[in-house]
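Participant:
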Amino acid sequence: MPSPDVDARLLAEHVAGSPLILAGPPTPAQLTGYAALVDRRRRREPLQHITGEMYFRHLRLTAGPGAFVVRPETELVAEEAIAAARGRPAPRVVDLCTGSGAIALAVATEVPAAEVWAVELSPPALELARRNVADLDPRVTLVAGDAASALPELDGTVDVVVSNPPYVPPDAVPQDPEVRDHDPDLALYGGGADGLDVPRAVLRTAARLLRPGGVVVMEHAEVQAAAVREAAAVIGAFTDVRTVPDLSGRDRMVVARRVAP
Ligand SMILES: C[S@@+](CC[C@H](N)C(=O)[O-])C[C@H]1O[C@@H](n2cnc3c(N)ncnc32)[C@H](O)[C@@H]1O
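Numbering (my numbering), first residue to last: 611 to 871.
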C-alpha cells in the first residue's frame with residue numbers, strides 16, 4: 611500500500627535526526643540531503659534500505675540490501691509462536707528462514723524464558739541477522755544452513771517451530787519494484803511450480819524437530835492455505851492442522867501440533 615506522506619515524513623525525520631515536531635528549521639545541508647533521499651525513494655528504493663531501519667512488534671531492527679524487509683503481517687505469525695511458547699517452562703523455539711532475525715528476536719525478547727535458534731541460508735541475510743542478534747538479544751543462537759537439514763542435534767526436543775519461508779511461485783513475480791528489484795530472489799521464490807518446495811521442507815523439518823505436543827507456525831500466501839494444510843497432512847506427523855487469518859481476514863498461516871511418533 612503506497613504511503614508517500616508517511617514516507618516523506620520519515621525521510622525528513624531521518625535527515626533531521628529527531629521527530630519533526632522537535633526539529634528546528636532545516637539547514638541548507640539537510641534540505642540537500644533530504645532531496646537526495648526523496649529521489650532515491652521516488653526511484654522505488656525501499657524506505658527501510660534508505661533509513662537503514664525497520665520495525666517489527668516492539669523491535670527496531672537494522673535493515674539493508676541483500677536481506678528481506680520484514681512485513682507487518684508477519685507480526686501475527688510471531689504472535690502465534692509467542693503464544694505457543696508462553697506457559698511452557700524454558701521452551702525451545704526454532705525460527706527457520708530467519709532473514710534479518712526478526713521473528714526469532716521477537717520471541718526471545720517477549721518470552722525471556724525461551725531458548726531460541728534461528729536458521730538462515732543466505733550470507734548477506736545472515737550478516738544482518740548477526741548484527742540484529744548482537745544489538746537486540748545475543749542469547750539467540752544463529753545457525754548458517756538449509757532449513758531442510760538444520761539442527762539435527764535438536765530432533766524431537768523443540769517446543770515451537772516458526773517460519774516465514776519464501777513461498778512465491780515462479781509465475782507470480784511481484785509488481786512492486788521495492789519487492790521485485792530489492793528483496794532477494796532467495797527470500798521470495800519458494801521453488802517448484804507452486805512456490806511451496808521450501809515451505810514443504812520447513813514442515814518436514816518441523817516434524818523432525820518438534821517434541822510431541824510441539825507446535826509449528828508457518829506463513830504462506832492467501833491462495834496457498836489449502837495446499838499448505840494438505841502438505842502438513844501428508845507428512846502424517848501433525849494433528850489440529852488449521853489455517854489462521856490475518857487481521858484483514860486473509861488466510862495467511864498454518865498452525866499444527868506434533869503428534870507422538
Ligand atoms: C520471506 S524471507 C523471510 C525472512 C524473515 N523470516 C522475515 O519474516 O522477515 C525468507 C528467508 O528465507 C531464507 N531462505 C530461503 N531458502 C532457505 C533455506 N532453504 N534454508 C534457510 N533459509 C532459507 C531467505 O534467504 C530469506 O531470508
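Beta carbons: idealized from backbone N, C-alpha and C, even for Gly. Predicted model, so just to flag it, every value in this text is computed and none were measured.
(1) Does the beta-carbon of Ala552, which I'm using as the reference point, lie nearer than 7 Å to any heavy atom of ligand 1?
(2) Round the Cβ separation of Ala724 and Val703 to the nearest angstrom and send it over; I've been treating them as touching at under 8 Å.
(3) On a Cα-Cα basis, can you pick out the residue from Gly859, Gly823, His659, Gly846 that is closest to Arg698?
(4) Going along the chain, which residues of its own chain have a beta-carbon closer than 8 Å to the beta-carbon of Leu731, five neighbours each way excluded?
(5) Given 7 Å as the limit, tell me if Ala716 has its C-beta closer than that to any heavy atom belonging to ligand 1.
(6) Quick one: what's got a C-beta closer than 7 Å to Pro787's C-beta in the same chain, skipping five residues either side?
(7) Just to confirm, are Thr672 and Asn742 a CB contact at a threshold of 8 Å?
(8) Could you spell out where the beta strand (DSSP E) holding Leu752 opens and where it closes?
(9) Beta-carbon within less than 6 Å of Ala700's beta-carbon, same chain only, minus the 5 sequence neighbours each way: which residues are those?
(10) Going by C-alpha to C-alpha distance, which of Leu798, Asp765, Val826, Leu761 sits closest to Pro779?
(11) I want to check one thing, is the minimum distance from the CB of Val808 to the heavy atoms of ligand 1 below 7 Å?
(12) Taking all protein chains shown into account, decide if Arg670 is buried (16 or more other Cβ within 10 angstroms of its Cβ) or exposed.
(13) Of the choices Ala835, Pro775, Val865, Pro635, whose alpha-carbon is the least far from that of Val812?
(14) So that I know if they touch, is there some Cβ in chain C lying closer than 8 Å to that of Thr642?
(15) With Glu663 as the anchor, note down where its alpha helix (DSSP H) starts and where it stops.
(16) If you follow the alpha helix (DSSP H) that Gly846 is in, where does it begin and where does it stop?
Facilitator: Reading it off the structure:
(1) The shown model of the chain, from 611 to 871, leaves out residue 552, and the question about it has no answer.
(2) 5 Å
(3) Comparing alpha carbon positions, the residue from Gly859, Gly823, His659, Gly846 closest to Arg698 is Gly823.
(4) Cys707, Ala754, Gly755, Asp756, Ala757, Leu796
(5) no
(6) Arg654
(7) yes
(8) 751-754
(9) Within its own chain, the residues whose Cβ lies closer than 6 Å to the Cβ of Ala700, once the five positions on either side in sequence are excluded, are Ala723, listed in chain order.
(10) Leu798
(11) yes
(12) exposed
(13) Pro775
(14) Protein chains in the displayed structure number just one, and chain C is not present.
(15) No alpha helix (DSSP H) contains Glu663, which is instead part of the beta strand (DSSP E) from 663-666.
(16) Unbroken run through Gly846: none, as it is neither H nor E.
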